[in-house]
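The structure appears right after this line, and notes come after that.
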Amino acid sequence: MAIDWIGFAYAALLAVGGVVGYTRKGSKISLAAGLTFGSVAGYGAYCVTRDPRNVKISLFSAFLLTIIMGMRFKRSKKLMPAGLVACLSLLMILRLVFMLL
16 MAIDWIGFAY
26 AALLAVGGVV
36 GYTRKGSKIS
46 LAAGLTFGSV
56 AGYGAYCVTR
66 DPRNVKISLF
76 SAFLLTIIMG
86 MRFKRSKKLM
96 PAGLVACLSL
106 LMILRLVFML
116 L
């Protein structure tokens, strides 16, 4: 059973990003979203660790973040944080799809 280190790192990055958004801008929404998506992505990484074919939760959270943050990036044209999270989430989707092949 191989540990999904990339999935756990992605989840930690989301959670830390939410905390940073809260400490820098005082955004409670960033904190809640970061911790929520970080937790869901962490649980998804745990599921992938237990069964490498069980990517549903990880794929769902990465897909949702790609759409949401992609729309925010398109509207704001700011790379941080929307563009970075959208790009990382898209890379995570590609990784998960290739794991299924």
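Heads up, the sequence shown is in the numbering used here, so the first residue is 16 and it goes up one at a time. C-beta: ideal position from N, C-alpha, C; glycine also. Remember, predicted model here, so these are calculated numbers, not experimental data.
By the CB criterion at 8 Å, residue 55 and residue 19 fall outside the cutoff.
As the crow flies, the alpha-carbon of residue 61 is around 22 Å from that of residue 101. 8 Å or more divides the Cβ of residue 26 from the Cβ of residue 49. If you look at residue 104, you'll find it in the alpha helix (DSSP H) that goes 99 to 115. Around residue 37, the same chain offers 45 and 46 as residues with beta carbons nearer than 6 Å, after the five sequence neighbours per side are excluded.
Within the region 64 to 98, the complete alpha helix (DSSP H) segments of 4 residues or longer fall at 71 to 91, listed in chain order. In terms of Cβ geometry, residue 53 and residue 30 form a close pair [threshold 8 Å]. With contacts defined as CB atoms closer than 8 Å, residue 68 and residue 116 fail to qualify as a contacting pair.
Residue 104 is a Cβ neighbour of residue 80, given a cutoff of 8 Å. The residue from 66, 77, 74 and 96 with its alpha-carbon nearest to that of residue 35 is 96.
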